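For the sequence shown, the working numbering gives the first residue as 169, with consecutive numbering after it. Take a look at the structure below.
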Amino acid sequence: MVPSRDYAWQLVTEFTQSDSLRRHMLAVECAMRAYAARFSEDPDLWGVVGLLHDFDYERYPDISVEGHPAVGARILREGQIDEAIVQ
169 MVPSRDYAWQ LVTEFTQSDS LRRHMLAVEC AMRAYAARFS EDPDLWGVVG
219 LLHDFDYERY PDISVEGHPA VGARILREGQ IDEAIVQ
């Protein structure tokens, strides 16, 4: 499944309390949308990818199989998110 932006934002707000980290994810979403449009790709798809890229970081900051981004990838897979988005 390709998640809607609303679904992606729900994950962000569920897993991330920090306003600065949320703003970072929103900024990456904005950049990804701009790059997608520039390269004739789907801005909605790439915007969601940008929004989700750090959603697990606050809870699981260690870069490991038990931390970021492995936990986030598992959560997305459990939610039946397309593997291309997970990657």
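Quick reminder that beta carbons are idealized off the backbone N, C-alpha and C, glycines included. Note that the structure is a prediction, hence the values are computed from the model and not measured.
Candidates the options, of which the one nearest residue i by Cα
i    : options                   : result
C198 : G215, D187 and S186       : G215
A238 : F223, D250 and Q248       : F223
A176 : S186, D187, G235 and L219 : L219
E226 : Q255, R190, D212 and R245 : R190
Coarse secondary structure for residue i, derived from DSSP in three states
i    : result
D212 : helix
M193 : helix
M169 : coil
R242 : helix
E226 : coil
E234 : coil
G218 : helix
N- and C-terminal bounds of the alpha helix (DSSP H) containing residue i
i    : result
T184 : It is not in any alpha helix (DSSP H) - T184 carries neither H nor E in the DSSP assignment.
Residue i classed as buried or exposed, judged by whether at least 16 other C-beta atoms fall within 10 angstroms
i    : result
V217 : buried
T184 : buried
Y203 : exposed
V180 : buried
M169 : exposed
P171 : buried
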